[in-house]
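Going by this note's numbering, the sequence shown opens with residue 1, and the numbers climb by one from there.
Using N, Cα and C, we set each Cβ at its ideal position, and we do this for glycine too.
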Amino acid sequence: MTKEKLIIIGSGPAGLTAALYTARAELSPLVFEGETPGGQLMGTTEIENWPGAEEGLMGPQLVTRMREQAKKFGARTEFKTIDKVDFSDSSNLKLWSGETEYNAEAVIIATGASARWLGLGKGEEKYWGKGYTACATCDGAFYRDKVVAVVGGGDSACEEASFLTRFASKVYQIYRGPQEKMRASKPMQKRVIDNEKIELIFNKNVTDLRGENKLEAVEITDAVTGETSELKIDGLFMAIGHNPNTKIFAGQLDLHDNEYLKVEGNTKSKISSVFIAGDCADFRYRQAVTAAGMGCMAALDTEKYLESLKG
Ligand code: NDP
């Protein structure tokens with residue numbers, strides 16, 4: 001079995017930027033693209049906040065460009081998922097995709113995070129990107145003078161609801177519990193309560209998405225009485241948390257209580273040959289451009305590490 005110099009796990013902006021930098025440094029990285037090649041960007045529509053792309057870019061288009069740019073300099077990509085790792089020997093890292101074992105001198109983890117969805121099953125994906133989204137920063141501006149709703153009672157939901165009032169004419173914030181159970185900090189709660197454009201709806205779950213070709217309304221069900229009603233909206237923004245894609249590293253690397261990877265310094269893990277980038281570690285900024293920045297940092301740190309092995 002040939003030993004790779006560098007394996008990158010993940011193909012969102014963090015993984016593909018790390019691939020570009022390390023490919024240009026002639027490390028010939030092997031990128032495992034994972035279950036959702038391109039990551040969360042594949043589910044976004046137009047990206048207006050990618051610096052330098054004044055004309056705007058579609059999420060999948062940006063991913064394709066990043067992948068091709070990295071490949072141009074020698075990165076190799078595999079449409080496979082790494083589902084097991086053994087980092088016990090830092091000089092010979094072991095990774096598996098199914099039954100196939102791969103060995104590497106260094107690994108960059110850029111497995112990202114996945115937004116939580118309602119989990120209504122059948123039909124949910126029909127509205128994905130057509131009124132049903134998980135990123136107010138990305139999509140908010142498309143809802144100028146429209147009526148939208150945010151689901152969640154945490155800081156993210158409050159922040160997204162406040163942000164959306166810049167564009168939308170009305171914002172509902174739908175929380176499944178009573179007001180006193182809201183997890184959002186008191187200042188964040190005050191911000192939404194004081195905002196005239198926001199109407200808080202408590203003890204309600206979104207139980208159905210409706211509309212012909214795009215989202216036009218949701219069914220909401222009272223968590224106490226079970227009574228249902230319909231709410232007409234143009235956009236539904238999920239803010240019920242993210243799940244970092246870090247399960248395979250449990251027991252090998254340090255994780256925070258919220259299961260995001262712990263980073264030492266800038267991109268280091270507790271294993272000298274394993275580096276970390278992007279949303280699998282970042283639960284604060286979660287932007288494509290910050291993930292790309294961290295991918296660059298991890299690439300430079302990895303290069304330095306591999307250089308140091310030469311003695
Ligand atoms: P949280 O886990 O704090 O909140 C998730 C919210 O979603 C809760 O209201 C939860 O309800 C609700 N929820 C979860 N699952 C479902 C479901 N299936 N259906 C309906 N509702 C659901 O996540 P956040 O993303 O808001 O925050 C994550 C972390 O980031 C927190 O530590 C937060 O403080 C931090 N953060 C800080 C910010 C800031 O300081 N400016 C901004 C954004 C985030 P329930 O409470 O009933 O479980």
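Cβ-Cβ distance between residue i and residue j below 8 Å
| i | j | result |
| --- | --- | --- |
| R191 | C158 | yes |
| G154 | A223 | no |
| N203 | S162 | no |
| L6 | T302 | yes |
| A277 | A288 | no |
| A75 | A14 | no |
| A298 | I9 | no |
| F249 | V85 | yes |
| D234 | V218 | no |
| L300 | Y21 | yes |
Assigned exposure category for residue i - 16 Cβ within 10 Å defines buried
| i | result |
| --- | --- |
| S351 | In the structure displayed, the chain extends from 1 to 311; residue 351 sits before or after that span and is not available. |
| G265 | exposed |
| I392 | The question about residue 392 has no answer here: the residues shown for the chain are numbered 1 through 311. |
| R67 | buried |
| E99 | exposed |
| H242 | buried |
| E105 | buried |
| D279 | buried |
Three-state class that DSSP yields for residue i in the structure shown
| i | result |
| --- | --- |
| G235 | strand |
| P178 | coil |
| M321 | Here the chain comprises residues numbered 1 to 311, so residue 321 is not present and cannot be evaluated. |
| K312 | Residue 312 is absent from the structure shown; the chain starts at 1 and stops at 311. |
| K214 | coil |
| A14 | helix |
| I271 | coil |
| T221 | strand |
| L120 | coil |
| P244 | strand |
| E159 | helix |
Next on the checklist: Under 8 Å: do the segment 39 to 53 and the segment 146 to 155 share three or more Cβ pairs, one atom per stretch?
Outcome noted: no
Checklist entry - Who sits around ligand 3, taking every residue whose Cβ is closer than 5 Å to one of its heavy atoms? => result In terms of ligand content, the structure shown lacks ligand 3 and carries ligand 1 instead.
Next on the checklist: Taking contact to mean 3 or more Cβ pairs, one atom from each stretch, closer than 8 Å, check whether the segment 222 to 230 and the segment 124 to 138 are in contact.
Outcome noted: no
Checklist entry - Should the segment 25 to 37 be regarded as contacting the segment 130 to 137, the criterion being three or more beta carbon pairs within less than 8 Å? => result no
Item to check | Cβ pair count under 8 Å reaching 3, the segment 174 to 191 against the segment 105 to 122 | outcome: no
Next on the checklist: Could you check whether the segment 278 to 288 touches the segment 75 to 84, counting it as contact only if at least three pairs of C-beta atoms, one from each stretch, sit closer than 8 Å?
Outcome noted: no
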